[in-house]
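Peer 1: Note that the numbering used here has the sequence shown beginning at 5, numbered continuously upward.
Every residue gets a Cβ at the ideal spot worked out from N, C-alpha and C, and that includes glycine.
Quantities reported herein were computed from a predicted structural model and do not represent experimental measurements.
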Amino acid sequence: MQRMTNPTQARKDFYKIIKSVNENSTPIEINGRTEDDSAVIMSAKDYRSLQETLYLMNDGTLNKIHKAIADDSGETDITNGVDWDKI
5 MQRMTNPTQA RKDFYKIIKS VNENSTPIEI NGRTEDDSAV IMSAKDYRSL
55 QETLYLMNDG TLNKIHKAIA DDSGETDITN GVDWDKI
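#1: Which whole-angstrom value is the C-beta distance of methionine 8 and asparagine 35, which I expect to be below 8 Å?
#2: Buried or exposed for isoleucine 21, please, with buried defined as at least 16 other CB atoms from any protein chain shown within 10 angstroms of its CB.
#3: Residue range of the alpha helix (DSSP H) that glutamate 27 falls in?
#4: Buried or exposed: where does alanine 14 fall if 16 or more other Cβ atoms within 10 Å of its Cβ makes it buried?
#5: What's the gap between the Cα of isoleucine 45 and the Cα of threonine 38?
#6: Which one or two residues does DSSP pair with glutamate 33 in a beta bridge?
#7: Given proline 11, which residues of its chain have a CB within under 7 Å of its CB, disregarding the five upstream and five downstream residues?
#8: Where does serine 77 fall in DSSP's three states?
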């Protein structure tokens, strides 16, 4: 399946598009005449993954993970000072 299509073709191939985005994890762009008439169809699984990534980026968690991965000191405190045994 193509990665881009127009609205008329997308309407004709709607179920094929749904199957394709779920099998291949590749979104399909539907290009209208303008940006306001265009859309992207992606699998629900990929959408949830994208939403989680955006959340982790916005709350700083992803940045902390990248710092922990880059830390080569031999010790990495991922508890952020929380004593989980006392909770």
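Peer 2: Reading it off the structure:
#1: 6 Å
#2: buried
#3: 18–28
#4: So alanine 14 ends up on the buried side.
#5: 17 Å
#6: Met8 and Val44
#7: Ile34 and Gly36
#8: coil
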